[in-house]
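Inspection log for the structure reproduced underneath, given as structure tokens.
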Amino acid sequence: MLVVVSVAAFWRDAAPAWQDAQEQVRAIVAERLGPERAADVPAGLRQIWIEDLDRVDRCITCHATIDWGPELADAPHPARSHPAIPWLDAKHPISEFGCTLCHGGQGTATTMAAAHGDVAFWEEPLLGSQRAKGYGLEARELMEMACNRCHVHEAEVEGMPLLNDAKAFVKKKNCVRCHTIFGQGTTKAPDLSRLGEKHPTAYTFPKGWKNPRTALHWHIAHFREPFVLVPDTLMPTFLLDGKQAEGLSLLVLSWRKQDLPARYVPQPTR
Amino acid sequence: MSGGDGFFARLFRTWLPRTPRESSEAVVRNIWLHAFPARITKRSLSWLASGWLGTVSLHLFIILSLTGVVLMFLYVPSVERAYASVKDIEFVVSFGSWIRGTHRIAAHLMVVVVVLHLVRVFLTGAYKKEGAPGAHRPLNWLVGLVLLVLTFALSFTGYLLPWDQLAYWAVTVGTQIAAAAPLVGEELRQLLLGGTVVGQPTLLRFYVLHCFALPLLTVFLVAWHMWRIRKDGGLAVADRVADDAREQAAITPPPPGKTYTLMGATQGGTVQAASSTGQLENATTPGVPAIPRRSTAVFLAVLALCSVLGLLLQAPLEEPANPAVTPNPAKAPWYFLWLQELVSILTFRIGDFVVDGSFLGGILVPGLLIGLLAAWPYLDKSPAAAAGIWFHPSRKVQNRVFLLLLFACVVLTIIGTYFRGPYWAWTWPWADAHPHTTLT
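So this is what it looks like as structure tokens:
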């Protein structure tokens, strides 16, 4: 029995799930670029460690060809390479930002479900297209929330149309007349500066709630009809369309205390 | 005498015993074997006499020490790194998840087995004071009780180390119970925590207690516990064997021819040796290799069980500890849930007077139980012949009361574990009180 267990343990350890993913990547590369290129696919457990941000991202273990450029830009996952985005790439090298800072998910994990954050006890799952679809958004739009954790003090940032609009709305409607946002405003209504830190389990969902229980769904519903979720609220009901409510919700959820190392603080654009 | 000049024999300066006499000598000659008695009664060796539960406890402790040392190489006892280092053990360390799973399951099993060991000793009356010179089993019962408390303490201190929500709040609740102790309660809690809340000082204290202080104390007490067994004449069941042998000797005439002349010291014929030694000889067997052989078999079985369970059952790791988010309900570790349940039951209101359940249920009841257990060998007036016998008729009432109390603890533990939801209200195990909530 002991022998069987030991063999089982060795077998499990010798054939972790990520090896299958690497095989998949190699197969896709072989099919598209030829078998000799498949040999170049990095093997083994790999990670990006960014000490300044206290982050370890092991995503590149499976997404082993993430930096192979246009050759694999339209390949299926996990072989697909990161799209080239001119305004993004120069300032956000993967080696210094890793993956989960922008994409969410569990960087330390080495199985797909755990890494994509589709597991219990992980509250910030991957900001992927599947999840975005649940909100009628593109993954890129969902990720604007992550962009704004750093770009919070800029009114206009390239590549963040949804949140640029939301910021303009906050300014136009003068939300700080009642709320406090980053030290400005009044205390008639709750301080929103760190709303994004509110733990998802702290949200109360009304009876008969149909959508998935997420903080984002809660805020979208709340922006559209505040009184439904908070019966005694003073918040006016703005006539928002879906996109506006989604943008505003992503904006408030991006508001967190961010302790960024100096070199990660966004520089003003001239 | 010599076991040959093979490599093994030369390396260990040892030899293979060939006769019972050499077996006995082996015990004296070999440092590893000298802990075993030269001879042991066959009834002490039987599986039914003791269930080998004490041995299983020790083996679990050994497995915990071995896996624990491996984990110590990987784990960082700081609030910044603890959780991440456990994630690394789970995700990237070779066999990390298995080793951690085995350590966890062995810890849970040790709590169970040590309690079962206590139950066995009680139900067989094996703590009873005996007339044999130098024997004082009640003392070993007390040492055992301290070891029981140490087992809880080891498990509880280990509970905090992953530094996840489960750990953080279980320890918060557990130490809150300690605070209900009269006079020194709050001081005791702060001594444990190294502050007023669970934080870095707590983690360091629990780490040192878990990995060094408590295991060291346990090793010392286990050695004493086992040495006492030898000094008390082996397991209590061995006394019954001696009784039987004496009875047998009284009935059976001594073998003919074994006579001794007193060389004229007395007048008359010869004195016949009516010793029980001959019968005792038949009832016993050399301790070596019988004990190490069985012990090894038990060890392998325990190791196999822990390994399988460690491989199959994923050790939990919840969200990182977050003092700002209290899970509802926050539960103590399962072996303290009968106490938490008692605390909740005993907290009630009579008019304006609130009965403090945390003192009654968290301090008074467990204190009384431990005190009663400690005093029981001195209060138990059943005859000496009841020692070493399962459910001896003379101990009927006390066995029933003991089992009833045990049953109550088990029921309360099960209720606390599976039937308590938010605000400690009654819930069914299949009702999902906490649907998974995420950010997006």
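If you're matching them up, the sequences are chains C and D in order. Under the numbering used here, the first sequence has 42 at position 42, and the numbering climbs by one with no breaks. With positions in the second sequence counted from 1, the corresponding number in the numbering used here is that position plus 1000. Ideal placement from N, C-alpha and C gives every residue a C-beta, glycine not left out.
- Assignment of residue 66(C) by DSSP, reduced to helix, strand and coil, places it in the coil class.
- Closer than 7 Å at the C-beta level to chain D, one finds these residues of the stretch 196-229 of chain C: 199, 200, 201, 202, 203, 213, 214, 215, 216.
- Residue 174(C) counts as exposed, since fewer than 16 other C-beta atoms from the protein chains shown sit within 10 angstroms of its C-beta.
- In terms of beta-carbon proximity, residue 125(C) lines the interface with chain D, with at least one pair separated by less than 9 Å.
- In the DSSP assignment, residue 1224(D) falls outside any beta strand (DSSP E) and lies within the alpha helix (DSSP H) extending over 1214-1231.
- Flagged as an interface residue toward chain C: residue 1327(D), by a C-beta distance shorter than 9 Å.
- Between residue 1287(D) and residue 1040(D), the C-beta gap is smaller than 9 Å, which places the two residues in contact.
- Contact note: residue 1435(D) reaches chain C through 213, using a C-beta cutoff of 8 Å and chain order.
- Judged by DSSP secondary structure, residue 165(C) falls within the alpha helix (DSSP H) whose first and last residues are 161-172.
- Contact with chain C is found for residue 1092(D), since one of that chain's Cβ atoms lies less than 9 Å from the residue's Cβ.
- Under the 10 Å beta carbon count, residue 1154(D) is surrounded by 16 or more other beta carbons and is classified as buried.
- Residue 211(C) and residue 246(C) have their C-alpha atoms roughly 14 Å apart.
- Contacts between residue 131(C) and chain D, judged by CB atoms closer than 8 Å, involve 1440 in chain order.
- DSSP places residue 85(C) outside both helix and strand once states are collapsed to three, so it counts as coil.
- Burial of residue 1043(D) is indicated by the presence of at least 16 other C-beta atoms within 10 angstroms of its C-beta.
- Contact between residue 195(C) and residue 119(C) fails: their C-beta atoms lie close to 25 Å from each other, not under 8 Å.
- DSSP, read as helix, strand or coil, puts residue 258(C) in coil.
- By the neighbour-count criterion, in which 16 or more other beta carbons inside 10 Å mark a residue as buried, residue 184(C) falls on the exposed side.
- Judged by beta-carbon spacing, residue 1124(D) lies beyond the 9 Å limit of residue 1291(D), meaning their Cβ atoms are not closer than that value.
- Against chain D, the CB of residue 160(C) has no partner CB under 9 Å away; the residue lies outside that interface.
- Cβ proximity to chain C below 8 Å picks out 1091, 1092, 1094, 1095, 1098 from the stretch 1091-1112 of chain D.
- Excluding sequence positions up to five before and after residue 1064(D), its CB lies within less than 7 Å of the CB of 1103, 1106, 1107, 1110, all in the same chain and listed in chain order.
- Residue 136(C) is outside the set of residues whose beta carbon lies under 9 Å from a beta carbon in chain D.
- Inter-segment contact for the stretch 101-121 of chain C and the stretch 221-234 of chain C is absent: fewer than three beta-carbon pairs are separated by less than 8 Å.
- Rounded to whole angstroms, residue 1382(D) and residue 1373(D) show a C-alpha spacing of 16 Å.
- Against chain D, the beta carbon of residue 192(C) has no neighbour under 9 Å; the closest one sits roughly 16 Å away.
- Assignment of beta strand (DSSP E) within the stretch 1327-1400 of chain D, counting only whole runs of 3 or more residues, yields 1348-1350, 1353-1355 in chain order.
- For residue 1169(D), the secondary structure class from DSSP, reduced to helix, strand or coil, is helix.
- Within the stretch 1055-1084 of chain D, the residues whose Cβ lies closer than 8 Å to any Cβ of chain C are, in chain order, 1080, 1084.
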